[in-house]
Amino acid sequence: MLLSSFFSLPGAARAQTTAPAAGSIAPASQAAPVVTVPTDPEAPAGAWVLVRTIALAQPGPASLDRRGNLYVTDAQNNLHQYGPDGQPLNTFSPPLPGHTAQIEAWNTAKVLVFYDDRQQAVVLDRFLAPLAELRWPDYLDGQVRVLTLAPDDRYWLLNESDLTLRQFDQGQKRFTITTPLDLLIGRSRPDFRFLREYQNNLYLVDRSSGIYVFDNLGNYRKKLPLPGLSYVGFRGDELYYLAPDGVHFLHLYTLADRLLPLPVTRGQQVLVGEQYAYVLTAAGVQVYKI
Numbered sequence: 009m010l011l012s013s014f015f016s017l018p019g020a021a022r023a024q025t026t027a028p029a030a031g032s033i034a035p036a037s038q039a040a041p042v043v044t045v046p047t048d049p050e051a052p053a054g055a056w057v058l059v060r061t062i063a064l065a066q067p068g069p070a071s072l073d074r075r076g077n078l079y080v081t082d083a084q085n086n087l088h089q090y091g092p093d094g095q096p097l098n099t100f101s102p103p104l105p106g107h108t109a110q111i112e113a114w115n116t117a118k119v120l121v122f123y124d125d126r127q128q129a130v131v132l133d134r135f136l137a138p139l140a141e142l143r144w145p146d147y148l149d150g151q152v153r154v155l156t157l158a159p160d161d162r163y164w165l166l167n168e169s170d171l172t173l174r175q176f177d178q179g180q181k182r183f184t185i186t187t188p189l190d191l192l193i194g195r196s197r198p199d200f201r202f203l204r205e206y207q208n209n210l211y212l213v214d215r216s217s218g219i220y221v222f223d224n225l226g227n228y229r230k231k232l233p234l235p236g237l238s239y240v241g242f243r244g245d246e247l248y249y250l251a252p253d254g255v256h257f258l259h260l261y262t263l264a265d266r267l268l269p270l271p272v273t274r275g276q277q278v279l280v281g282e283q284y285a286y287v288l289t290a291a292g293v294q295v296y297k298i
């Protein structure tokens, strides 16, 4: 599938998709191959149209919801909500101080905020009004490293203390799925940074070695050899991530990889919506029309 069907930029580089040969997706015991499609050297660079710059010193974790709204924290751990074009909408200030480790807005009706220092999850509605709180020490003997909210409102989390991937049902107040990861990780030292369920798969980002992929029952499927990542986003049938040479778009099923150069050189994180893209820098957020 051509990247232009998802990411239409005036004059953007075009490349033909070359799918991997049949059977090239690795079994669970191996890393899945990634097919790199070279860009056309004769094509002009992609054009990003800057529409707004949001001044926000040292922005922290950020996320997009399915309506295209942007959620990003500031240095004081306040959560800011912006419309797709970067217009400010709402702000949530936590009643207690805490370090915001993760924002997850992909759920259709809720926004999850995870404070790792006090091991607490706060769920907000789409206007950033608090709905619920969950203290993990009340249910878990260990340390939650990354956390996400599943489409059925259950939680997926990584217990760093015993290296298990677990699903928690808040209605039943119990863990329903536990997947040990020690055999997968082996002797390596993982550095887990991000977790999200998407299209019935669960993606666990390990900055040290790559992305572990599980099904929605916690069964291990494969590993994508993409070390050095702290965040991945999803758009259509593609996973995207920021690399030194630009934004890579990896097709989830063919594993074809595409590169889109960035308009700036100091981006810390990139989020891509349907009509806008957001580049986080040390000084704030740049909103681009795509």
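First residue of the sequence shown? That's 9 in the working numbering, and the numbers climb one at a time after it. Beta carbons: idealized from backbone N, C-alpha and C, even for Gly.
When DSSP states are grouped into helix, strand and coil, residue 138 belongs to the strand group. Taking residue 112 as the centre and dropping the five residues before and after it, the same chain places the C-beta of 71, 120, 156, 157 closer than 6 Å to its C-beta, in chain order.
Residue burial annotation: residue 249 is buried, with at least 16 other C-beta atoms found within 10 angstroms of its C-beta.
Exclusion of the five residues before and after residue 175 leaves 162, 164, 184, 185 as the residues of its chain whose Cβ lies within less than 6 Å of its Cβ. Counted as a single uninterrupted DSSP element, the stretch harbouring residue 190 is not any beta strand (DSSP E) but the alpha helix (DSSP H) occupying residues 190–193.
Within the same chain, Cβ atoms closer than 6 Å to the Cβ of residue 144 are found at 127, 152, the five residues on either side in sequence being excluded. Taking the Cα positions, residue 88 is about 32 Å away from residue 171. Put simply, of 99, 115, 81, 266 the residue whose alpha carbon is nearest the alpha carbon of residue 108 is 81. Residue 201 is positioned such that its CB atom lies no closer than 7 Å to that of residue 169. Within the same chain, and ignoring the five residues on either side of residue 66 in sequence, the residues whose Cβ sits closer than 8 Å to its Cβ are 82, 83, 290. The Cβ atoms of residue 131 and residue 140 lie closer than 7 Å to each other. Selection 75, 68, 94 evaluated against residue 106 yields 68 as nearest (Cα-Cα). Contact between residue 166 and residue 212 holds: their C-beta atoms lie close to 7 Å from each other, under 8 Å. With respect to the 7 Å criterion, residue 208 and residue 227 are not classified as neighbours on the basis of their beta carbons. Separation of residue 93 and residue 203 (C-alpha to C-alpha, rounded to the nearest whole angstrom) is 26 Å. The beta carbon of residue 281 sits closer than 7 Å to those of 72, 76, 92, all from its chain and outside the five residues before and after it, given in chain order. Taking all protein chains in view, the Cβ of residue 95 is surrounded by fewer than 16 other Cβ atoms within 10 Å, so the residue is classified as exposed.
Residue 149 sits exposed, since fewer than 16 C-beta atoms from the chains shown fall within 10 Å of its C-beta. Here residue 57 is exposed, its C-beta having fewer than 16 other C-beta atoms within 10 Å. For residue 60, same chain residues with a beta-carbon under 7 Å away, outside a window of 5 residues either side, are 93, 94, 295 in chain order.
Contact between residue 97 and residue 292 is ruled out by a C-beta separation of about 16 Å, above the 8 Å threshold. Look at the region 153–197 and you find these whole runs of alpha helix (DSSP H), each 4 residues long or longer: 190–193.
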